[in-house]
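Engineer:
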Amino acid sequence: MDVSVNTTLTALELKGVTKCFDRPAVDGLELTIQAGEFYALLGPNGAGKTTTLRIVAGLLRPDAGSVSVYGIDALKNPIEAKRLIAWVSDEPMIYEKLTPFEYLEFVAGLWSIDAVTAEARARELIDWLGLGPHAHERCQGFSKGMRQKVALAGAMVHEPRLLILDEPLTGLDAGSARQVKDVLAERVRGGVTVVMTTHILEVAEHMAERIGVIDKGRLIAEGTLAELQRQVGTRGRARGSASGGTSLEDIFLDLVAEEGGLG
Amino acid sequence: MSQPATLPWFARHELRLFWRDWFSMLTAGKRRREPVLLAVFLIFVAVIHLVAYFVVRPFAEAGITADKATLVTVAGSAFLSWTLMLAQAIESVTRAFYSRADLDLILSSPASARRLFAVRMASIALGTTMLTTVLASPFINALAYFDGPHWLAAYGVLVAMGAFATAVALVVTVFMLRALGLRRTRLVSQVVSAVVAAGFVIGVQAAAIFSTGNFSRIAFLSSESVVALAPEPGSLVWLPARAAMGDLGALVLVLGTALVSLGLVMAVLSAKFEEYAAAASTEAEPGRRKGRQRHSFRPATTMHALRRKELTLLRRDPWLLSQTLMQILYLLPPALLLWHSFDGGVSVLLVMVPVLVMASGQLAGGLAWISVSGEDAPDLVASAPVSARALIAAKIQAVLGSVGVVVTPILLALAIPEPRLAAAAAIGIAISATSGTMIQIWFRAQARRSTFRRRQIPSRLATLAEALSSILWAGAAALAAAGTWFALFIAVFALMTLAGAWAIRPREAYAV
Numbered sequence: 001m002d003v004s005v006n007t008t009l010t011a012l013e014l015k016g017v018t019k020c021f022d023r024p025a026v027d028g029l030e031l032t033i034q035a036g037e038f039y040a041l042l043g044p045n046g047a048g049k050t051t052t053l054r055i056v057a058g059l060l061r062p063d064a065g066s067v068s069v070y071g072i073d074a075l076k077n078p079i080e081a082k083r084l085i086a087w088v089s090d091e092p093m094i095y096e097k098l099t100p101f102e103y104l105e106f107v108a109g110l111w112s113i114d115a116v117t118a119e120a121r122a123r124e125l126i127d128w129l130g131l132g133p134h135a136h137e138r139c140q141g142f143s144k145g146m147r148q149k150v151a152l153a154g155a156m157v158h159e160p161r162l163l164i165l166d167e168p169l170t171g172l173d174a175g176s177a178r179q180v181k182d183v184l185a186e187r188v189r190g191g192v193t194v195v196m197t198t199h200i201l202e203v204a205e206h207m208a209e210r211i212g213v214i215d216k217g218r219l220i221a222e223g224t225l226a227e228l229q230r231q232v233g234t235r236g237r238a239r240g241s242a243s244g245g246t247s248l249e250d251i252f253l254d255l256v257a258e259e260g261g262l263g
Numbered sequence: 264m265s266q267p268a269t270l271p272w273f274a275r276h277e278l279r280l281f282w283r284d285w286f287s288m289l290t291a292g293k294r295r296r297e298p299v300l301l302a303v304f305l306i307f308v309a310v311i312h313l314v315a316y317f318v319v320r321p322f323a324e325a326g327i328t329a330d331k332a333t334l335v336t337v338a339g340s341a342f343l344s345w346t347l348m349l350a351q352a353i354e355s356v357t358r359a360f361y362s363r364a365d366l367d368l369i370l371s372s373p374a375s376a377r378r379l380f381a382v383r384m385a386s387i388a389l390g391t392t393m394l395t396t397v398l399a400s401p402f403i404n405a406l407a408y409f410d411g412p413h414w415l416a417a418y419g420v421l422v423a424m425g426a427f428a429t430a431v432a433l434v435v436t437v438f439m440l441r442a443l444g445l446r447r448t449r450l451v452s453q454v455v456s457a458v459v460a461a462g463f464v465i466g467v468q469a470a471a472i473f474s475t476g477n478f479s480r481i482a483f484l485s486s487e488s489v490v491a492l493a494p495e496p497g498s499l500v501w502l503p504a505r506a507a508m509g510d511l512g513a514l515v516l517v518l519g520t521a522l523v524s525l526g527l528v529m530a531v532l533s534a535k536f537e538e539y540a541a542a543a544s545t546e547a548e549p550g551r552r553k554g555r556q557r558h559s560f561r562p563a564t565t566m567h568a569l570r571r572k573e574l575t576l577l578r579r580d581p582w583l584l585s586q587t588l589m590q591i592l593y594l595l596p597p598a599l600l601l602w603h604s605f606d607g608g609v610s611v612l613l614v615m616v617p618v619l620v621m622a623s624g625q626l627a628g629g630l631a632w633i634s635v636s637g638e639d640a641p642d643l644v645a646s647a648p649v650s651a652r653a654l655i656a657a658k659i660q661a662v663l664g665s666v667g668v669v670v671t672p673i674l675l676a677l678a679i680p681e682p683r684l685a686a687a688a689a690i691g692i693a694i695s696a697t698s699g700t701m702i703q704i705w706f707r708a709q710a711r712r713s714t715f716r717r718r719q720i721p722s723r724l725a726t727l728a729e730a731l732s733s734i735l736w737a738g739a740a741a742l743a744a745a746g747t748w749f750a751l752f753i754a755v756f757a758l759m760t761l762a763g764a765w766a767i768r769p770r771e772a773y774a775v
């Protein structure tokens with residue numbers, strides 16, 4: 001199928017995306033993320049972050065709405081959209097009986113990447129993430145951090161244009177977290193779009209260009225840190241309820257409290 | 264309410280977990296199945312009591328005396344049950360050492376690890392006894408009904424058997440831990456337990472087939488040749504059998520010996536429990552194993568990559584492979600019976616055809632479950648730019664390829680003397696294996712590979728359909744190989760089974 005890829009403008013566009021399980025998990029979500037942007041999606045537990053990302057990754061089909069990835073309708077052409085995407089969940093999806101080297105070979109095969117090109121990328125990623133000494137050991141004895149790094153290397157071996165990460169830093173030690181953050185920052189500099197959920201607000205504060213706050217399946221605020229501070233300040237003064245804090249944590253808690261999200 | 268961290272408190276905790284585990288295993292976690300489960304259980308109890316009634320009646324009518332033949336039969340049946348208990352106990356004891364479910368929590372608390380160990384081993388003995396009691400109780404009840412209540416003493420022997428099996432399992436497991444190390448023990452104990460379970464059953468059945476021409480273990484055990492070889496009735500060997508038949512002195516001795524053995528083993532080994540469990544929490548995590556050192560990626564299309572991955576994972580999981588191949592082992596007795604029953608006019612090799620066809624169907628079903636439902640990275644595969652149809656196709660190819668690797672040497676050996684039979688078997692194998700694979704795909708439900716042994720639970724319908732399809736294709740292939748058109752009739756039934764399975768498949772299996 002000939003599908004043209006829009007390389008310059010919008011990386012991801014969600015329009016009216018709705019997904020209900022026993023209750024609405026995502027409720028008419030509207031979201032636009034520009035190409036090359038580092039976007040952090042924040043929200044309390046059960047806000048609909050993971051469901052949203054799973055819909056974008058093609059793992060869930062929404063009940064309503066549209067999803068566009070670099071101009072490709074991801075619901076009509078899921079395979080073409082998936083070629084541009086990589087998905088990393090908070091629970092690393094790796095095979096215990098494969099080595100990192102074999103895992104990356106498998107992922108490259110899944111995305112039909114030429115073996116020579118994929119191998120060069122794999123070696124680079126393995127070195128970059130400090131997996132070199134374990135590249136030929138089976139993953140079954142690996143720590144959570146090592147497994148997460150293998151999964152992240154797998155997500156990048158096919159050079160995705162849109163990297164979707166669900167809590168990628170959970171369980172990582174400081175050194176591993178720094179390695180992962182460096183790799184992500186380098187990818188963004190290289191033009192990759194990163195959409196990441198995280199509960200570590202400092203990471204979002206320091207790495208993300210724009211931040212979206214989602215609650216009850218809806219986007220309740222969006223913008224740069226300065227824009228969010230202004231939004232909260234304006235709304236808080238109007239209601240006399242803002243905490244007056246300027247950190248992302250203060251802003252996040254104020255926004256979610258307004259929605260009644262943290263009870 | 265008992266004091267926290269005391270023996271009764273731990274016992275209550277264990278019993279609650281034990282009951283909920285069993286209940287959820289039987290109902291697959293669906294509460295609406297409770298009435299169905301109760302009805303099925305009552306029907307099962309009634310049916311096995313009916314079977315026991317008809318099995319026991321002829322013996323009771325002939326008069327049961329404590330002669331050598333009766334003692335051999337009772338002791339042989341008891342030993343058979345005990346080997347199954349031992350297999351179950353070895354597996355449970357190993358799991359108790361390696362399971363991390365709540366062990367870290369409890370061992371990190373100020374509660375006594377010895378008490379926990381004692382309760383956990385007692386609950387293993389209870390679980391081991393319960394399972395065998397469910398199966399043996401109809402026969403004990405029937406014997407008590409026909410021959411007198413003294414047979415109820417057999418329940419005491421069952422308790423003794425459970426306790427002794429647990430004691431032996433503990434010694435065997437600790438011996439393996441010491442001799443083989445923590446890393447190898449988990450796998451080896453699983454293999455040992457499977458071999459213990461299968462070995463005696465298959466051995467006795469094979470002997471029964473060759474000596475009496477049928478499956479009856481009782482006929483074999485009471486045959487003149489076996490009785491002649493057995494020790495005299497006064498021998499201590501018959502103590503458990505005498506106890507089961509109502510000799511109270513023997514019962515006290517048997518029960519006492521078993522309980523004291525379990526108590527002693529627990530007392531000696533409980534001090535080591537914390538040490539082994541703690542070591543298992545680090546060492547028993549599957550160790551770092553070097554993969555094959557390859558220095559370059561091999562070129563692969565998506566389909567190649569998927570097939571290669573499936574075959575590598577299967578090859579590297581000896582436990583799954585041994586569990587799967589064990590299914591073939593259980594087909595040996597029927598094969599022997601068929602062989603033994605055939606007249607000289609028909610090639611004895613004909614019996615290979617249904618056995619191979621049925622084994623292939625079962626093997627393919629097991630491998631398909633591992634490959635489809637037991638996918639360890641479903642999100643990764645689902646997020647790849649590959650259609651669901653292509654993914655399934657690659658998995659089917661990997662499964663059928665693996666079955667092919669197993670059966671091809673046998674087919675080639677069969678083709679030398681009997682090419683026609685080999686051709687019939689090959690066609691039957693292809694159809695049966697494809698059917699088993701398709702049924703598992705229709706009923707797929709995401710699960711961990713490690714739950715392979717419980718794969719029947721989410722869908723007993725799939726298990727039933729898979730077994731029925733394999734049996735019917737085996738029958739059709741055997742009849743086709745024998746040159747009778749009746750094969751078509753059986754094949755139609757097999758196709759109807761597949762159509763039925765397809766019609767009742769859960770629709771949600773086809774979600775993304």
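So the protein sequences, as listed, match chains W and S. Numbered according to this note's numbering, the first sequence terminates at residue 263, and the numbering increases by one at each position without gaps. Numbered according to this note's numbering, the second sequence terminates at residue 775, and the numbering increases by one at each position without gaps. Cβ coordinates follow ideal geometry from the N, Cα and C atoms, glycine included. Note that the coordinates shown come from a computational prediction; the quantities given were computed from them, not determined experimentally.
1) Please state whether DSSP places V88 of chain W in a helix, a strand or coil.
2) Please state the DSSP three-state secondary structure of R210 of chain W.
3) Out of curiosity, what's the CA-to-CA distance linking A416 of chain S and H276 of chain S?
4) Residue range of the alpha helix (DSSP H) that G223 of chain W falls in?
5) Hey, which unbroken runs of the alpha helix (DSSP H) at 4 residues or more fall wholly within the region 651–701 of chain S?
6) I'd like the list of long-range same chain contacts for L98 of chain W, defined as Cβ closer than 8 Å, with 5 residues on each side in sequence excluded.
7) Would DSSP call M196 of chain W helix, strand or coil?
8) At which residues does the alpha helix (DSSP H) containing Q351 of chain S begin and terminate?
9) How many whole angstroms separate the CB atoms of L516 of chain S and L502 of chain S, which I take to be in contact at a CB cut-off of 8 Å?
10) Which class does L742 of chain S belong to by DSSP, given the choice of helix, strand or coil?
11) Assuming P503 of chain S is part of the alpha helix (DSSP H), what are its boundary residues?
12) Can you name the residues of chain S whose CB is closer than 8 Å to the CB of A118 of chain W?
13) Name the DSSP bridge partner or partners of Q34 of chain W?
14) Does chain W have any CB closer than 8 Å to the CB of A640 of chain S?
15) Does the separation of the CB atoms of L619 of chain S and I673 of chain S fall below 8 Å?
16) When you check each C-beta in the region 7–22 of chain W against every C-beta of chain A, which residues fall closer than 7 Å?
17) Going by the CB atoms, is the gap between I214 of chain W and K15 of chain W shorter than 8 Å?
18) Which residues does DSSP list as the beta-bridge partners of S68 of chain W?
19) What did DSSP end up calling E495 of chain S once you bin it into helix, strand or coil?
20) Which class does D410 of chain S belong to by DSSP, given the choice of helix, strand or coil?
21) Less than 8 Å separating the beta-carbons of W748 of chain S and S698 of chain S?
22) According to the neighbour-count rule (16 or more other Cβ atoms, all chains shown, within 10 Å of its Cβ), is D580 of chain S buried or exposed?
23) Taking C-alpha atoms, which residue in W:E227, W:Q229, W:G233, W:L219 lies nearest to T18 of chain W?
24) Less than 8 Å between CB atoms is the rule here; does T575 of chain S satisfy it with respect to chain W?
25) Tell me, please, which residues DSSP counts as bridged to Y39 of chain W.
26) Kindly indicate which three-state DSSP category P133 of chain W falls into: helix, strand or coil?
27) Could you tell me which chain W residues have their CB closer than 9 Å to the CB of S400 of chain S, listed as they occur along the chain?
28) Please list the residues of the region 645–662 of chain S that have a C-beta atom closer than 7 Å to any C-beta atom in chain W, keeping them in chain order.
29) Can you list, in chain order, the residues of its chain with a C-beta nearer than 8 Å to that of M424 of chain S? Leave out the 5 residues immediately preceding and following it.
30) If V195 of chain W sits next to I33 of chain W, beta carbons under 8 Å apart, how far is it from one beta carbon to the other, in whole angstroms?
31) Along chain S, which residues have their Cβ under 8 Å away from the Cβ of Y95 of chain W?
32) Could you tell me the boundaries of the alpha helix (DSSP H) in which L761 of chain S lies?
33) For R579 of chain S, return the contacting residues in chain W, with the cut-off set at a CB-CB distance below 7 Å.
34) Taking 8 Å as the CB-CB cut-off, is L450 of chain S touching chain W?
35) Against I85 of chain W, what residues of chain S qualify as contacts under a CB-to-CB distance less than 8 Å, listed in chain order?
36) Sorted by chain position, which residues of the same chain lie with C-beta nearer than 8 Å to A338 of chain S's C-beta, five sequence neighbours on each side aside?
Structural biologist: Taking the geometry as given:
1) V88 of chain W: strand per DSSP, three-state reduction.
2) Of the three classes helix, strand and coil, the one that applies to R210 of chain W here is strand, per DSSP.
3) Looking at the two C-alpha atoms, the distance is approximately 30 Å.
4) G223 of chain W -> not in any alpha helix (DSSP H); beta strand (DSSP E) instead, spanning 218–223.
5) Runs found: 651–678.
6) The answer, listed in chain order, is F106, R138, C139.
7) M196 of chain W: strand per DSSP, three-state reduction.
8) Per DSSP, the continuous alpha helix (DSSP H) segment holding Q351 of chain S begins and ends at 331–361.
9) Going by Cβ atoms, the distance from L516 of chain S to L502 of chain S rounds to 6 Å, so yes, they are a contact pair.
10) Look at L742 of chain S here: in three-state DSSP terms it is helix.
11) Start and end: 502–507.
12) Within 8 Å Cβ-Cβ: F560.
13) Secondary-structure assignment with DSSP links Q34 of chain W through a beta bridge to W:T10.
14) Chain W, which has a Cβ nearer than 8 Å to the Cβ of A640 of chain S, makes this yes.
15) Closer than 8 Å, so yes.
16) In the structure shown, chain A does not exist; the protein chains are W and S.
17) Pairing K15 of chain W with I214 of chain W gives a Cβ-Cβ distance that is not under 8 Å.
18) Answer by DSSP bridge pairing, in chain order: W:E13, W:D73.
19) Three-state DSSP puts E495 of chain S in coil, outside helix and strand.
20) Shown here, D410 of chain S sits in a helix according to DSSP, grouped into three states.
21) If you check the CB distance, W748 of chain S and S698 of chain S do not come in under 8 Å.
22) Its Cβ being crowded by 16 or more others within 10 Å, D580 of chain S is buried.
23) Taking each of W:E227, W:Q229, W:G233, W:L219 in turn and checking the Cα distance to T18 of chain W, the smallest one comes out for W:L219.
24) So yes, T575 of chain S belongs to the interface.
25) Note: Y39 of chain W sits in a beta bridge opposite W:V195, W:R210.
26) The answer is helix: DSSP assigns P133 of chain W an H, G or I state.
27) Result: empty, since nearest Cβ-Cβ is about 42 Å, beyond 9 Å.
28) Of all residues in the region 645–662 of chain S, only A645, S646, A647, P648, V649, S650 place a beta-carbon less than 7 Å from a beta-carbon of chain W.
29) Excluding five sequence positions before and after M424 of chain S, the CB atoms of its chain that fall closer than 8 Å to its own CB belong to A341, S344, W345, M348, T392, T395, P503, A521, given in chain order.
30) Right, the Cβ-Cβ distance comes to about 6 Å (below 8 Å), so this counts as a contact.
31) By Cβ distance, chain S contributes K572, L576, D639, A640.
32) Its alpha helix (DSSP H) spans residues 749–766.
33) The contacting residues are K97.
34) Not one chain W Cβ lies under 8 Å of L450 of chain S.
35) Neighbours of I85 of chain W across chain S, judged by C-beta separation under 8 Å: S646.
36) Excluding positions up to five away in sequence, the list reads V500, W501, P503, A504.
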